[in-house]
Amino acid sequence: MAVAHTSKIEFRVGLDENKIPEKIHWSAQDNNIKDEEAKAILISVWNPELKETLKMDLWTKDMPLDEMRHFFYQTLVSMANTFERATNDEKMSATMRDFCDFFAEKLELKKK
């Protein structure tokens, strides 16, 4: 199958003198996102030759702890949804969502 279109997603990370992220900006040309600020990024890339995931996890030093907790919770929920779409495994997806509920409960993320 021939590639019909390419798209560019770009991250710019401003580092301090110790190479700790100060600022993160990203752009995605197909979604008209240009130089948007972000406080954290989690990127996973599958390497088919090595059969392993390569990761890049960055967050700015001023990322608030409560926002980091919500970021992880929302990322976990998103992963459960993506897993279901990719595999059609409803049972394991539901199990993952149960863990997400547990995670949110333990971190008191959901209002009572």
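Numbering (this note's numbering), first residue to last: 446 to 557.
Yeah, the Cβ is synthetic: ideal placement off N, Cα and C, and Gly gets one too.
Item	Value
Ala473 to Asp534 span [Cα, whole Å]	30 Å
Proximity below 7 Å, CB of Leu499 to CB of Val490	yes
Identity of the residue in Leu495, Leu521 and Asp511 nearest Glu553 by Cα	Asp511
Extent of the continuous beta strand (DSSP E) to which Asp480 belongs	Ile478 to Ala483
Nearest residue (CA-CA) to His450, options Ala483, Asp475 and Asp461	Asp475
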